[in-house]
């Protein structure tokens, strides 16, 4: 999150440094926030994705599987956009029509997942992201 003068905040710099050091998302979650979003590595789901690519899904739909994948990704997108209308760096709100239907989801890098959590915090959403495996 960039401060009023266009500078990176201390929290964002700390998160950026941690992600650069570990190569994994680093989530700063306020107390009393219950994980309601799950960041799943896309390479685990679809073998041909980059190892630094995640999809953010809603956990309200239960553990995402073939039966509720579309609903989980759409709810994840709708939830995130409600609180963070403009995606932070490393996050993309994806809308694609293809042969198998419409894909609507949040895709992010490790840094993107981390910055998205900071944006949710700043919006006082009460939402927390959990990173799955």
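In this note's numbering, the protein residues as written are 237 to 369.
Idealized CB from N, CA, C, for every residue including glycine.
Predicted model, so just to flag it, every value in this text is computed and none were measured.
Where the alpha helix (DSSP H) through residue i begins and ends
i           : result
residue 366 : Looking at the DSSP string, residue 366 is not in any alpha helix (DSSP H); the run it does join, the beta strand (DSSP E), is 363-367.
residue 348 : 346-358
residue 182 : Shown here, the chain extends from 237 to 369; a query on residue 182 therefore has no answer.
residue 268 : Where residue 268 is concerned, there is no enclosing alpha helix (DSSP H), given that its DSSP letter is neither H nor E.
residue 306 : 305-319
Contact check, residue i vs residue j, beta carbons under 8 angstroms
i           : j           : result
residue 369 : residue 255 : no
residue 273 : residue 315 : yes
residue 348 : residue 311 : no
residue 365 : residue 352 : yes
residue 290 : residue 277 : yes
Enclosing beta strand (DSSP E) for residue i [first to last residue]
i           : result
residue 333 : 327-334
In DSSP terms, what residue i is bridged to
i           : result
residue 275 : 292 and 367
residue 337 : 334
residue 343 : 291 and 328
Cβ of residue i within 8 angstroms of any chain C Cβ
i           : result
residue 288 : Here chain C cannot be found, since the structure has a single protein chain.
Neighbourhood of residue i by C-beta, 6 angstroms cutoff - its chain only, sequence neighbours within 5 removed
i           : result
residue 328 : 343
residue 360 : none
Other residues of its chain near residue i: CB distance less than 8 angstroms, five sequence neighbours each side excluded
i           : result
residue 240 : Caution applies to residue 240, whose pLDDT of 46 falls short of 50 and renders its modelled position unreliable; the value that the coordinates give is listed next. Nothing listed; no residue qualifies.
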